[in-house]
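One structure is given here, and the rest of the page talks about it.
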Amino acid sequence: MDENSNKRAINKDLHDDDVFGSHSKEEEAFLAAISRNVKRALDGDDEPQPPPPGESPIEDIKPLKPVSVHARRTSKLLITTATNLNFMMDDYRGRYAQLRHLEDVVTTLLTNLKKNHRNEVKTDGFRVVSSDEDEIDSHAEPSIFSTGRIVADEALIPHLELCQCLLKDVGKFGPLKVKEIIAFDKLNRQSDVIKRLMEIGMSCDELLIEELEELEDWRGMFEMWRSCCDGGVSLCVSVRTLRLELMSEHGRGVRVKHSDVADHVFPELVRRIYGRYDITDIETKTVTLFHLIDYVNEASDSVHEDFGKLVDKLALEMFITSTLTSGVDDLVLVAIKRLSSLLALRMSNLRALSHLLLDSSSTIRSSAAAHIKHISTEEPLKEKANGVVRRAAGEPPQEGSAVRMHCTGVPRGKKVHPPTRVSLQLRPRA
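Heads up: the sequence shown is residues 1 to 430, going by full-length UniProt numbering.
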């Protein structure tokens with residue numbers, strides 16, 4: 001009896017030891033885990049802990065990279081300008097075969113912008129606002145539209161604005177449709193530029209300005225552009241920055257050779273590069289590398305022509321133009337003679353020469369007509385000469401109306417002014 005009671009007492013003690021021992025082990029493990037977590041927090045160790053058994057691991061949510069204020073403004077201006085251009089083209093869509101390329105490019109641009117857009121949301125890394133909450137939350141950020149690179153987005157905006165300006169000249173049924181013809185040519189070139197900028201923006205390769213195929217034969221122009229960007233990677237700068245850079249590099253030579261027009265050369269140069277004559281103050285506007293490339297390709301006579309020579313030619317052209325419009329007969333005749341001896345400027349100053357066909361002096365009229373006639377004998381220059389004279393004919397002042405008479409001719413049987421008989425040789429072919 002006593003023996004059995006002793007056995008029961010011993011088993012009870014062993015059972016109590018197992019219970020208290022298991023609890024003490026759990027307490028020791030709990031305290032050790034707490035000490036490890038406290039030590040890790042103090043040491044700055046953010047190593048994630050494995051999830052407790054029975055719970056699924058939380059998916060790692062990476063917060064979106066914040067977008068700068070400049071990127072948001074660029075995105076808003078880009079999508080607004082592209083949309084406005086697309087709305088403007090609704091009035092011309094399907095009516096002009098010359099605009100088909102531009103229509104396709106603008107449609108592709110809008111499609112890519114909407115495809116690549118994302119909503120910028122605020123997140124602390126643990127919670128991402130859903131699309132439903134975005135509509136309710138008044139503090140949700142606007143959508144970001146981009147081609148993929150902000151440098152390409154910035155460069156696209158001036159070219160889209162230029163297309164809007166050029167579209168205003170389409171459909172003007174003026175004399176010889178000169179403005180429309182010029183606008184079609186420029187719009188096709190701008191379409192190629194927009195397409196190229198889309199390719200740059202969507203490319204996954206690193207953007208290196210010196211490796212652009214457009215600058216392959218223009219090493220000097222690349223050095224000048226890099227100086228404008230202070231050695232950075234950019235496809236656009238302000239017009240003022242470009243003008244100051246051109247003046248610092250070529251200003252001394254222009255002042256030595258053509259001091260009379262030195263102050264007017266570089267403002268005129270950047271205006272021609274920018275391509276818009278409807279804006280009085282363009283200093284604050286943005287000019288792109290492709291504006292510069294397009295101007296060089298149009299103004300240069302050879303692929304390897306130095307940019308400094310283009311500046312000299314422009315300065316000489318402006319000097320001769322100022323002489324042709326001086327109103328002093330002797331100076332005008334000397335300028336025409338000098339112009340005839342300069343092969344590099346055979347196509348320059350034709351606009352001023354076309355107005356001299358209306359001069360009161362028969363000597364000046366004959367000299368100007370002889371120069372234009374000489375140019376028209378060379379087939380490569382004939383179409384260009386006709387284009388320049390047609391451009392003068394499309395001008396609104398009285399001079400443009402008078403030159404218009406010379407280009408289009410007069411009905412048979414009417415009294416013809418002497419200079420008209422000479423200029424009829426430039427009548428465009430039907």
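Think of the CB as a built atom: it goes at the ideal place given N, C-alpha and C, for glycine as much as any other residue.
- By the criterion of at least three beta-carbon pairs nearer than 8 Å, the region 305 to 317 is in contact with the region 213 to 227.
- Secondary structure note for SER326: it is in no alpha helix (DSSP H), with a DSSP letter that is neither H nor E.
- For THR147, no alpha helix (DSSP H) segment is defined, and its DSSP state is neither H nor E.
- Counting along the chain, no beta strand (DSSP E) covers VAL261, and no H or E run does either.
- For SER68, there is no enclosing beta strand (DSSP E), as DSSP marks it with neither H nor E.
- Beta-bridge annotation (DSSP): SER238 is paired with THR286.
- Counting the other CB atoms within 10 Å of its CB gives HIS258 a total of 16 or more, which places it among the buried residues.
- Counting only runs of 4+ residues, the alpha helix (DSSP H) found wholly inside the region 151 to 230 occupies 178 to 202 and 219 to 228, in chain order.
- Within a 10 Å sphere around the beta-carbon of ALA97 sit fewer than 16 other beta-carbons, which makes this residue exposed.
- Take the alpha-carbon of THR280 and the one of LYS115: they are about 37 Å apart.
- Excluding sequence positions up to five before and after VAL106, its CB lies within less than 7 Å of the CB of ALA82, LEU85, ASN86 and MET89, all in the same chain and listed in chain order.
- Nearest to THR80 by C-alpha distance, out of LEU99, VAL332, ARG149 and LEU156, is LEU156.
- Its Cα nearest to that of ALA152, the residue GLY201 stands out among ILE182, PHE184, LEU187 and GLY201.
- Your pair LEU333 and SER367 checks out as a contact, with CB atoms roughly 6 Å apart and the cut at 8 Å.
- By the neighbour-count criterion, in which 16 or more other beta carbons inside 10 Å mark a residue as buried, ASP91 falls on the exposed side.
- Of the candidates LEU110, ILE144 and GLY94, ILE144 places its Cα closest to the Cα of SER75.
- Here LEU235 has VAL151, ALA155, THR288 and LEU289 as same chain residues with Cβ atoms under 6 Å from its own Cβ, once five neighbours each way along the sequence are excluded.
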